[in-house]
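Input: a single structure, listed below in structure tokens.
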Amino acid sequence: MAFTGWAFLSDHDVLLGAIMLFASGGILYLIFQDIAPQSHMQRHWAPPLGAILGFAVGMLGANLIPGA
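Each residue of the sequence shown is one higher than the last, beginning at 5 in this note's numbering.
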């Protein structure tokens, strides 16, 4: 499966970026679907804030590491 993706998408950077963007949006949706309702029920603001900060730290790290 990975070879198929590499074979067909290695020359199409824009398409690969769009697919990765769509997949990351789905992952964020799943994370917040689990975290946000629990924080609303328990009236805590820390879990969703932690999820947002974790995402921001990951994006910062990806931008600071060369070649990532």
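C-beta: ideal position from N, C-alpha, C; glycine also.
Extent of the continuous alpha helix (DSSP H) run through residue i
i    : result
GLY9 : 6-13
Supposed contact pair residue j and residue i - C-beta distance, whole angstroms, cut 8 Å
i     : j     : result
ALA60 : PHE36 : Their Cβ separation, rounded to whole angstroms, is 14 Å, which puts ALA60 and PHE36 out of contact at 8 Å.
Coarse secondary structure for residue i, derived from DSSP in three states
i     : result
GLY71 : coil
Alpha-carbon to alpha-carbon, residue j and residue i
i     : j     : result
MET24 : LEU34 : 15 Å
ALA22 : GLY62 : 19 Å
ALA6  : ALA27 : 15 Å
LEU19 : LEU53 : 31 Å
PHE12 : LEU57 : 35 Å
Contact set for residue i: own chain, Cβ-Cβ below 8 Å, skip 5 residues either direction
i     : result
LEU32 : PHE59
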